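Residue numbers (my numbering): 492 to 808. First comes the structure, then the notes that go with it.
Take a look at the structure:
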C-alpha cells in the first residue's frame, strides 16, 4: 500500500518586517545584498556607499569618494571588493576591508545608472545615460575600458551579467542580450522605456520592468512573452524588479509605497507589501533565503518569511 505524497508547501513570501535601518545618507537610491546575503549595500544621495550587517542592521563601513549621488553598487563573490557608480560619471572599485578607493574609472559621458562585477570579479560592467555599457578590467592599471557596447540609442538603465551573458535594459525600449563568448547580440523590443532587467535563476527567462507599469517575463531564447504582471504604479521613476530566489514569484517596486509580488506561473497578485507612504525606490532579494530588502526615502527595510521572535524561539535548545 502506498501512502499519498504530502502536498508541496506553498512557497513562503517575505511579509514580516524584521528591522528598519535608518541609513543616514539622505535618500537611498539602491539597496543590494552581497553575494552570500549576509551583508547589505546602501547607495546614498549624500555621495556615500554603506555596508551593513543584515542580521543586526548595524553599519560596518562607509565608503566615501564619489562626487555626487551613488546610484548602484555590487560586491565581489569573495566579499573583498565593491564597485559603485554615480551621477558624477565615474565607477569606483573599493577595497572592502580598508574602505580605500582602488581604482576610479572615468570614460562615461553622463551619469552611470548601473554597475556589476562578472562572476570572477575580473571585469566591472557599467551602464550609463550616455547609451553605452563599458567593460573595465579590474586587474590591469589601464584606465580605458577593454570593451564599449554602444548599440543602444538611449540611456542604459539596468544591466545584469551571468556567466558569459550580459542583459541590458535601455530607455529606447529594448532588452539586449549579449553572448560575450560567441559575440552575438539578441534584441527584444518592448514599446516602453525599460527601468530594470534581470535573468531568472534557472537562466531560461528574462524579466523587465517598464514605465507603462508592466513587468514582463520573456523566454530568453525565443523572446516569446510568457507573462505580464500589472497593478503596481511605475510612471516616472527608475524602479527595480526581481524574481524570488527560487523563481516562484515576480516582485516589483511601486510608486504607491508597496512592493507587489505575483505568482510567476499564474500571474496573480499574491502579496502587496505595505512599505510606507513614499516611492519604494529599490529592492533586492536574498540569494538563497526568503528575505527581501527594500529602500524608501532614507531607510532600508529587511523583510522575512517569519517574525524574528518565532525564529529565535524555534532555534532555542
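For glycine and all other residues, C-beta sits at the position ideal for the given N, C-alpha and C. Note that the structure is a prediction, hence the values are computed from the model and not measured.
Does DSSP put residue i in a helix, in a strand, or in coil?
| i | result |
| --- | --- |
| residue 799 | helix |
| residue 685 | strand |
| residue 790 | strand |
| residue 636 | coil |
| residue 779 | coil |
| residue 649 | strand |
Does the CB of residue i have a neighbour CB from chain C at under 9 Å?
| i | result |
| --- | --- |
| residue 737 | Annotation note: the requested chain C is absent from the structure, which comprises a single protein chain. |
Determine the direct distance from the alpha carbon of residue j to that of residue i, and round the result to whole angstroms.
| i | j | result |
| --- | --- | --- |
| residue 645 | residue 620 | 7 Å |
| residue 688 | residue 769 | 23 Å |
| residue 558 | residue 654 | 32 Å |
| residue 611 | residue 717 | 31 Å |
| residue 813 | residue 577 | There is no way to answer for residue 813, as the model of the chain reaches only from 492 to 808. |
| residue 754 | residue 543 | 30 Å |
| residue 675 | residue 669 | 6 Å |
| residue 520 | residue 673 | 35 Å |
| residue 798 | residue 506 | 9 Å |
| residue 678 | residue 512 | 39 Å |
| residue 766 | residue 545 | 18 Å |
| residue 707 | residue 604 | 21 Å |
| residue 698 | residue 732 | 8 Å |
| residue 599 | residue 664 | 21 Å |
| residue 539 | residue 693 | 34 Å |
Which term fits residue i, buried or exposed, when burial requires 16 or more other beta carbons within 10 angstroms of its beta carbon?
| i | result |
| --- | --- |
| residue 710 | exposed |
| residue 804 | Reliability fails at residue 804, whose pLDDT of 41 lies under 50, so the model's placement of it is uncertain and the value that follows must be treated cautiously. Looking at its Cβ environment, which holds fewer than 16 other Cβ atoms inside 10 Å, residue 804 is exposed. |
| residue 606 | buried |
| residue 637 | exposed |
| residue 564 | buried |
| residue 690 | buried |
| residue 460 | Past the boundaries of the shown model lies residue 460; the chain is included only from 492 to 808, so the question cannot be answered. |
| residue 522 | buried |
| residue 725 | buried |
| residue 656 | buried |
Do residue j and residue i come within 9 Å of each other at the CB atom, strictly closer than that value?
| i | j | result |
| --- | --- | --- |
| residue 782 | residue 528 | yes |
| residue 750 | residue 760 | no |
| residue 809 | residue 567 | Outside the shown range of the chain, which is 492 to 808, sits residue 809, and nothing can be said about it. |
Return yes when at least one heavy atom of the ligand ATP lies under 8 Å from the C-beta of residue i, else no.
| i | result |
| --- | --- |
| residue 565 | Because no ligand of any kind appears in the structure shown, any question about the ligand ATP cannot be addressed here. |
Quick check for students: name the residue ranges of the beta strand (DSSP E) that lie wholly in the segment 715-764, counting only runs of 3 or more. Scanning the segment 715-764 from its first residue to its last, the whole beta strand (DSSP E) runs of 3-plus residues come out as 716-721, 732-734, 740-743 and 749-754.
Which complete beta strand (DSSP E) runs does the segment 496-535 hold, if anything under 3 residues is left out? Every beta strand (DSSP E) stretch that sits fully inside the segment 496-535 and reaches 3 residues is listed by chain position as 507-513, 519-524 and 530-535.
Starting from the N-terminal side, write out each stretch of the beta strand (DSSP E) that is 3 residues or longer and does not extend beyond the segment 610-634. 614-619 and 624-628
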